[in-house]
Structures are given as C-alpha cells and as structure tokens.
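Residue numbers (the working numbering), protein chains in the order written: chain A, 307 to 979; chain B, 9 to 156.
The next block holds one structure in the form of structure tokens; read it before the comments.
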C-alpha cells in the first residue's frame, strides 16, 4: 500500500509543479498577490508530496518489501540498516528521486528564508526565483514518474504481484560510511547551486539585475561550495582507502564531472565581489552561474548516458538525452532573457589597469573557466576525436596532470597576489609595502628547495616543485601578513591584546578573512598534492612466507597469514612486519574480502592496509591469496609510499573551516535593486 | 587612452586563451591514445606498431595465465563480434578484481605488431551485473568498470 501512496504522490506532484509555474508566472505578470501566494503554496505542496514518495521508498527498504523492483536491485534482507537507507541513492531511479527531493527542500527553504522580507516589502525577487526552481523540479518529477522511456518509477512493483525472495544487495565497495555519504554530499552541493542560478534567472526576468540577487543567494553559493569541497574529498578519500591503487584522484570522467561545477562555482564566488564593489561584470556573473548550474546537469549527462566509459559503476541508459535536451532548452531560455535585458546589463565601470585587483579577479576567472574547459575537452575527447577524424581516442590521467599544472600554479600565485594588490591600479607604495617581502621570502624558499632537491639528487618534478614551494611561501607570507597587520591595528585601536584583535578582525569581516583562511587551505592542499603526486613510490613483488621487499626507507617481511569468517564475507590476509630504515615499527595486515552475496554475485575486494607516519602514508594492497600461502604459495604485494598525503586532507579541512567562517557573515541587503 | 587600455585587456585575454589552447593541443598530441576493437587492431596493426593503443574486448576463454611469482599476467583479448584476438602482457601490477574468462576488459599499452602483443600499462575489468534502466525487469548484462 505504501508504495502505491508514494506513486500517487509523485503523479500529484506533476500537477503541483505545473500549478506552481503557472500561478507564479501569472501572479507576477499581473501583480496578483493571491496568485503568487497560491504558486508558493504549490511549491510547498510539491515538497510535501515528494517527501511522501521518498518516505514510501525508504519504508520499502526498511521493511524489505521485495515486491518493489528498486528495493530488490539495491538492497537485501541481510544488509545493515544504514545501507538499506543509503540504498535510496544506490542506483539511478532512486538517486533521481533523492535529487528531486533535495530540490523540493531547496524550494521550501527559499520560501521560508524570504517570507518575512517578502511580506514586509512586497518584494517579489524570490518569487521570480521560484519559477526556475519549479521548472527544474518538474523536469525531475517527469523523469521519476517512469512515464518516459529509460527510467522506471522507483516505487514501481514487479508486474502481476511477483515477488523476489531476497534482494540482490548493494555492491560491497559501496558499503562503507564514506561511500554512503559521498554521493548525497555531492548532490546537495549541486542542488544548492540551483538556487543562485534561479535567482539569476529571477533577476533577469524581473529586470533587477543589480547585486541584490547575488547577495540574497550568497549563502547558498557558499554552502554549495563548502559541501562540494567536502563531497569531492570524501570521494577521493574513499577511492584511496577502498580501491587499492594507492591514489585519490585519477581524472576519471565522474570525478571531473564533480570537479567542474566546483571550479565554476569558485570562479563565481570571486567574480561577484567585483560586481558588489565596482558594479562591473553583471552579465558575466549571470553567465557564470548559469554555466555552473548547467555543468551540474552535464555531469549527470556525461556519467549516466554511457557516452564515456568510466571507473564508476553506473549503468548506461537513455536518460542522457533528456538531460542534454533540458540543458540546451534552459540555456536557450537564459540567453533569451539576457537579450531581452541587454541594455540593463552594461557595466558602469571598466578596468583601469592590468595590474589591479580587478584584473587579478578577471585573471582568476579566466583561469578557472579555462581550466574547466580544458578538463571538459579532455573528458569529452573520445567523442570529439571521433567527430574530428573518425578515430576514437582518449587521453589518460597524464594529460590532465600535465595540462593543469601551469594554470594551477598561476592560480596558486593569485591566491596570494589577489588579496594584497590594490584596487584600480597598483602603486609603487602598494608594491613595496605588500609584495616585496612575500616575494623575497617566496623566492628564497624556492631557491632552498632547488638546492635541497639537487643535493639529494631528486630530479623528478624538480621545476614544478620549486615553483610550487616558492608560490606557496609567497602566498602564506602575504596572507599571514594581512592577518597580522589587521589584528595589530585592531588591537591598538581597541587597546586590547593581539589575539583579541585577531578575533575582532575576523568577526568584523568574516567573509573576507574566511576567504583568506580558504586561501591558506589551498596552499596546504597544493603542498600535499605536490608530495603525494610528485614523489610517491611504488614497488610490486610476489612474496612467499618469510620473504621481504623494500620500498624507499621501508622494509616489509611477510610473517603470517589469517582467515576469518563474517556474516556476509570471508576475510583473508597476511601479516607483515614493517621496518623503517631497519628499525621495527610494527605490523600491517592487508587483506581481501570475499563477499558471498552482492549486487554482482560473488565478489573479491582489496582491503588495503594503511599506516600513517605523520602526514606520510605507507600503503599495502594484496592480490588474491593462494590456499597454500603458509607452505610456499606466492602472494602479490603492491606497496606504496605516499609522502605528504595527510597534508591533502588537512588542506581541505582548513578550506572547509574558512568556508564556514565566511558563511557565518549575515547577508546584507543592497541598496540598488 | 581608454581605448588603449581596452586593447591591452583584450590582448592579455587572447594571449591567455592561446596559451591554454596550446597547452591542450600539446597535451593531446603527446598523450592521446587511439581506441581499437581487437579486429580493427589486427587489420590495422602495422600502422600502430610500437604505439600506444587502447583495446576493448573480452578475455578469451582459457587464455589467461597468472604467474604470481613474477607478477605477470598474460591473456588474449578477443573481439566481441569476430574471432580476432590480441595478446596482452600485464606486469608488476595486481591482477584486477573481477578478472574472469569471458569478462569484458579494457587494455591500454604499447602494441607490438610483429607479435600481435600489447604490453599493457593499464588494465580495467568490467563485471557483469544487473542491468537497470532498460524496460525489462529481469537481470541482463550490464557493463561497469570496477577497478583499475
């Protein structure tokens, strides 16, 4: 019965979606407050209806209703409760429903956030923004009704009252906490980007293309940025711990799909500052947020349409076409509105100098957008190359690694230069006061790195390491000096201690200093990437019991093996004595899990062992373990030394912290409008 | 003065754009790898001698041997439609999960036309699993890459 209620709710939400769009358009056009209110209520009704449908599906999972097709595909009776619930987004039709539900939450929150302001001032900007939100919702509602080809309704039952004895179960690789939370985090981040996009469209539709739409959706943008940052990192962290290849980022199409909206969102967060401060780039900001939003859909198109093969185990299906159609149609709509409002979008000011903060922002934007396009080009290269000369080709990880380094280093330099360069035009005074010391110290650090690497005869990635260290040092000195100067000034003015001054400084301008904290996080992240991508060591060897191998300063000796039975899998592994520079440091127990029952039948997975030495990791993965391992059978061992990988996670944590500081700033209302 | 400034901005933009385009162009030139089916590679083989190729096919039944002591996997990839096969050596890496006879496989490496052999640097297996999205409610084959 529950499933039928859920299905009915989905079909009703088609009506509430249409109702919302119709009444909002009509009400705003004719300034009819009752119609507008009715439209708002319809958006809330959609939220309630989709919540019922989602609840019904979760109920199906929890009660093991194996007459429901989707439940059979992703769950099983023995699956732990947590993974029964996360099975909601385990496959396509369920994840579309989940995505839709998040969108309806966003719609409801937008109404709730704005209702007082709207009531007091009769301001309709947020109502205009509800229309695009409702349109995107309707697109997803239609997909989950199951009426279009290629997707089935996640609440559908098998025909003729058929019932499966048990479900197929979720892929064991996905049954880990970080994988349970990685997809929803990304979804939340992507969906949050819908709101600033909707406000941009609302601004165009209402003709109020000043900074107000930006300010009123600012927290959504920052929230999206923070959540995407966490989500992308969770994915990398999961891959690192679970997949057994010792890395965390491989430029896989799905990873790229999550990274591109992040890049565009970051560009947008920067470029809006110039619109607020200097009233420039009105058009550019609208284009940028539109692009960022479209890339969240494009990601789905790339990963779900099967046009690009990927490490990620997604099914191929026909829904790519719908997404592409929706992307094209909605982009055309935005372009139409831009043409309609063309005259209002002209900038009041122009760039005054190439060496100014405005230019630094522009360069930042070009680099972010450029990087996005480069990554898109590489990701779509199999299609592009086939279109160009009929030969299907693709580019490996190395392409991305090579191509992003130079723009990446330029961006790193800008994280320090941007905050300290003066507005309008750099002056000699500004340069001497702000740039001189950071530059000198940065260059010195670069030179020292060069000397050090030459001394230990480490020649891999020498130039890039030197540049990375030099730029990083420059940024850190520049930004720490900013904090120091500001805090000292505050302390002096308020006649209080330096630390109090620092606290006051951040409290008074959370957005700015939160941003600087993010910049410090970026530098830390770069150092981590430099170490773990540039200097990792890998050794592979077949070992018999008692034999040893060496990886850099580490020695491994295989001394024992073990086997344990669990409810739904068997764990077999070996025990290594690990020594660093000849000194015993402990044991490690890499293993393999053999799952009896999974979505894919029986499955054997790598359970790597990781040992942290400060921020450096030592990592062991095993091939399958022969039955005669105790009596001379060979085990295949792949061991990695990943220097500075811990710094990667620390860098991201600092970035998130900075984001939280920045989002704490109360939204202001702008006077323009 | 104003015009000149504008020109400078445009010039800077063009330089940046060209720089990025150059990066991409050189990157693609240096790293792009052509994709083949085993049948196409066997027919076109001599042209691709000593070059990087990607091949997508099935693991030929009974062709795989795994020399654990030397960390060496040898097998043949056969075409999905014809009888053409290409031999593969994959060394110094773990045998991927789900490596089973008849399974789908994706191989990247250097092709030696004289021996019809790919020395693989990258190997991905796909595993058969339940399909979703299609109209039928019964399990059929689906392809999904699992490990590298």
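Just so you know, even glycine gets a beta-carbon here, dropped at the ideal spot from N, CA and C.
Every value quoted in this text rests on a predicted model; they were computed, and no experiment measured them.
Pair within 8 Å by beta-carbon distance, residue i and residue j
i, j, result
"residue 667 of chain A", "residue 577 of chain A", "yes"
"residue 721 of chain A", "residue 633 of chain A", "no"
"residue 835 of chain A", "residue 954 of chain A", "yes"
"residue 894 of chain A", "residue 877 of chain A", "no"
"residue 471 of chain A", "residue 372 of chain A", "yes"
"residue 645 of chain A", "residue 506 of chain A", "no"
"residue 323 of chain A", "residue 481 of chain A", "no"
"residue 963 of chain A", "residue 823 of chain A", "yes"
"residue 453 of chain A", "residue 625 of chain A", "no"
"residue 556 of chain A", "residue 703 of chain A", "yes"
"residue 42 of chain B", "residue 692 of chain A", "no"
"residue 947 of chain A", "residue 857 of chain A", "yes"
"residue 833 of chain A", "residue 950 of chain A", "yes"
"residue 111 of chain B", "residue 133 of chain B", "yes"
"residue 25 of chain B", "residue 119 of chain B", "no"
"residue 381 of chain A", "residue 485 of chain A", "no"
Same chain, Cβ closer than 6 Å to residue i, neighbours up to 5 away in sequence not counted
i, result
"residue 618 of chain A", "Residue placement at residue 618 of chain A is flagged as unreliable, the pLDDT there being 44, under the threshold of 50; a coordinate-derived value is accordingly withheld."
"residue 811 of chain A", "792, 793 and 796"
"residue 724 of chain A", "666"
"residue 741 of chain A", "none"
"residue 807 of chain A", "793, 796 and 797"
"residue 899 of chain A", "875, 877, 911 and 913"
"residue 932 of chain A", "939"
Residues near residue i by beta carbon distance below 8 Å, same chain, minus five either side
i, result
"residue 357 of chain A", "407 and 410"
"residue 755 of chain A", "771, 772, 775 and 776"
"residue 1012 of chain A", "With chain A covering 307 to 979 only, the question about residue 1012 of chain A has no answer from this structure."
"residue 417 of chain A", "346, 349, 350, 432 and 436"
"residue 944 of chain A", "550, 552, 844, 845, 846, 926, 927, 928 and 929"
"residue 1008 of chain A", "Residue numbering for chain A in the displayed model covers 307 to 979; residue 1008 of chain A lies beyond these limits and cannot be assessed."
"residue 676 of chain A", "713"
"residue 364 of chain A", "391 and 394"
Endpoints, alpha helix (DSSP H) assigned at residue i
i, result
"residue 632 of chain A", "625-646"
"residue 366 of chain A", "339-368"
"residue 808 of chain A", "804-814"
"residue 865 of chain A", "Segment 860-871 is the beta strand (DSSP E) holding residue 865 of chain A; no alpha helix (DSSP H) there."
"residue 308 of chain A", "308-336"
"residue 687 of chain A", "663-695"
"residue 793 of chain A", "768-800"
"residue 562 of chain A", "559-584"
Neighbourhood of residue i by C-beta distance below 7 Å, restricted to the same chain and skipping five residues each side
i, result
"residue 334 of chain A", "342, 430, 433 and 434"
"residue 650 of chain A", "513 and 515"
N-terminal and C-terminal residue of the beta strand (DSSP E) that residue i is part of
i, result
"residue 875 of chain A", "875-886"
"residue 923 of chain A", "922-928"
"residue 915 of chain A", "915-919"
"residue 854 of chain A", "854-857"
"residue 844 of chain A", "843-849"
"residue 113 of chain B", "112-120"
"residue 52 of chain B", "First-last for residue 52 of chain B: 46-52, but that is the alpha helix (DSSP H), not the beta strand (DSSP E)."
"residue 934 of chain A", "That residue, residue 934 of chain A, is in no beta strand (DSSP E); it is neither H nor E in DSSP."
Margin query: Counting only Cβ-Cβ distances shorter than 9 Å, please list the residues of the segment 55-72 of chain B near chain A, keeping chain order.
Written below: 60, 62 and 64
Notebook entry, point to check: What residues in the segment 101-120 of chain B have a beta carbon less than 8 Å from any beta carbon of chain A?
Noted result: Result list: 101, 102, 103, 105, 106, 114 and 116.
Check: How do the segment 430-439 of chain A and the segment 379-386 of chain A stand: do at least 3 beta-carbon pairs fall below 8 Å, yes or no?
Finding: No: the two stretches stay apart, fewer than three of their Cβ pairs being nearer than 8 Å.
Next item on the list: Say whether the segment 575-595 of chain A touches the segment 483-496 of chain A, bearing in mind that this needs 3 or more beta-carbon pairs closer than 8 Å, one atom from each stretch.
Entry: no
Check: Using 8 Å as the threshold, is the segment 569-585 of chain A in touch with the segment 514-530 of chain A, meaning 3 or more CB pairs across them?
Finding: Contact between the segment 569-585 of chain A and the segment 514-530 of chain A is established, with three or more Cβ pairs separated by less than 8 Å.
Note to self: For the segment 386-420 of chain A, list every residue whose C-beta sits within 8 Å of some C-beta in chain B, in sequence order.
What the structure shows: 397, 398 and 399
Notebook entry, point to check: Do the segment 388-399 of chain A and the segment 456-465 of chain A meet, that is, are 3 or more Cβ pairs less than 8 Å apart?
Noted result: yes
Next item on the list: Check whether the segment 54-72 of chain B touches the segment 119-126 of chain B, taking contact to mean three or more Cβ pairs, one atom from each stretch, closer than 8 Å.
Entry: Verdict: yes, contact present.
Next item on the list: For the segment 349-368 of chain A and the segment 314-330 of chain A, state whether three or more C-beta atom pairs, one from each stretch, are separated by less than 8 Å.
Entry: yes
Item checked: Proximal residues, the segment 76-98 of chain B versus chain A, C-beta separation under 7 Å -> The residues in question are 76, 77, 78 and 79.
Margin query: If contact is defined by three or more beta carbon pairs under 8 Å, each pair taking one atom from either stretch, is the segment 703-719 of chain A in contact with the segment 27-35 of chain B?
Written below: yes
Notebook entry, point to check: What residues in the segment 34-48 of chain B bring their beta carbon closer than 7 Å to a beta carbon of chain A?
Noted result: 35, 36, 39, 40, 41, 42 and 43
Notebook entry, point to check: When the Cβ atoms of the segment 682-692 of chain A are set against those of the segment 739-755 of chain A, are three or more pairs found closer than 8 Å?
Noted result: no
Check: Is the segment 533-546 of chain A close to the segment 878-893 of chain A, with three or more CB pairs under 8 Å?
Finding: No contact exists between the segment 533-546 of chain A and the segment 878-893 of chain A.
Note to self: With three or more C-beta pairs closer than 8 Å as the rule, is the segment 536-548 of chain A touching the segment 596-604 of chain A?
What the structure shows: no
Check: Between the segment 692-708 of chain A and chain B, which residues of the former have a C-beta closer than 7 Å to a C-beta of the latter?
Finding: 697, 698, 699, 700, 701, 702, 704, 705 and 708
Notebook entry, point to check: the segment 664-677 of chain A: which residues have C-beta closer than 9 Å to a C-beta of chain B, in chain order?
Noted result: 665, 668, 669, 672, 673, 676 and 677
Next item on the list: Please list the residues of the segment 839-863 of chain A that have a C-beta atom closer than 7 Å to any C-beta atom in chain B, keeping them in chain order.
Entry: Residues passing the 7 Å Cβ filter: 846, 847 and 848.
Check: For the segment 440-453 of chain A, which residues have a beta carbon sitting closer than 8 Å to at least one beta carbon of chain B?
Finding: none
Item checked: Near-chain A residues of the segment 10-25 of chain B - C-beta to any C-beta below 9 Å -> If the cut-off is 9 Å between Cβ atoms, the segment 10-25 of chain B has 10, 13, 14, 16, 17, 20, 21, 24 and 25 near chain A.
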